[in-house]
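Trainee: Here it is: the structure, laid out below.
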Amino acid sequence: HRIGPVRLAARAGVAASTAHRILVRHGLPALAACDRATGEPIRRYERARPGELVHVDVKKLGRIPDGGGHKVLGRAAGRANQDRRSGTGYACLHAALDDHSRLAYTEDLPDEKAATCAAFLRRATAWFARQGITVERVLTDNAWAYTKNTWRDTCR
Numbered sequence: 003h004r005i006g007p008v009r010l011a012a013r014a015g016v017a018a019s020t021a022h023r024i025l026v027r028h029g030l031p032a033l034a035a036c037d038r039a040t041g042e043p044i045r046r047y048e049r050a051r052p053g054e055l056v057h058v059d060v061k062k063l064g065r066i067p068d069g070g071g072h073k074v075l076g077r078a079a080g081r082a083n084q085d086r087r088s089g090t091g092y093a094c095l096h097a098a099l100d101d102h103s104r105l106a107y108t109e110d111l112p113d114e115k116a117a118t119c120a121a122f123l124r125r126a127t128a129w130f131a132r133q134g135i136t137v138e139r140v141l142t143d144n145a146w147a148y149t150k151n152t153w154r155d156t157c158r
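Per the numbering used here, the sequence shown runs over residues 3 to 158.
This is the structure:
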């Protein structure tokens with residue numbers, strides 16, 4: 003069970019500053035720097051300059067139609083928004099995030115096909131260039147669209 007220096011000091015009968023100093027001396031990270039579930043230190047990284055690494059990902063969000071969803075309109079009316087073929091049920095939010103500056107470019111696009119993702123990367127790269135950032139590397143997850151030749155050719 004992990005506790006901070008204030009609670010530890012109260013249990014040990016010493017000043018909080020003393021408890022903190024002992025924790026630091028033994029190389030224990032602050033509680034804010036640890037994962038709550040595992041207690042392991044969170045390892046963050048940041049590239050040295052803008053454009054050195056850009057993270058690209060797609061987040062699918064459920065669309066809520068005008069007038070409300072099934073909670074307001076009832077299940078029958080809400081079923082029309084579940085049609086996966088027409089894409090009315092989801093918005094694909096494509097995002098490109100610069101690792102150093104945390105500057106982000108996003109677009110709401112109809113799908114996450116390889117051609118759509120590749121076109122998004124071209125527009126994102128052009129947008130970053132207008133901000134004075136040259137994209138050097140791109141990091142993605144292993145989503146299907148990012149493993150296709152279209153994506154690979156765009157990254158070159």
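Just so you know, even glycine gets a beta-carbon here, dropped at the ideal spot from N, CA and C.
Every value quoted in this text rests on a predicted model; they were computed, and no experiment measured them.
Report yes if the CB atom of A97 is closer than 8 Å to the CB atom of D59, and no otherwise.
Mentor: yes
Trainee: Using the C-alpha atoms, what's the distance from A18 back to A12?
Mentor: 8 Å
Trainee: Identify the continuous beta strand (DSSP E) that holds V60 and give its terminal residues.
Mentor: 56-64
Trainee: In the DSSP assignment, find the unbroken alpha helix (DSSP H) run with D110 in it and report its ends.
Mentor: Note, D110: premise wrong, no alpha helix (DSSP H); beta strand (DSSP E) at 106-111.
Trainee: With H, G and I counted as helix, E and B as strand and the rest as coil, what does DSSP make of A121?
Mentor: In the three-state reduction of the DSSP assignment, A121 falls in the helix class, which pools H, G and I.
Trainee: Check each candidate in V140, W153, I135, T142 and name the one with the smallest Cα separation from R51.
Mentor: I135
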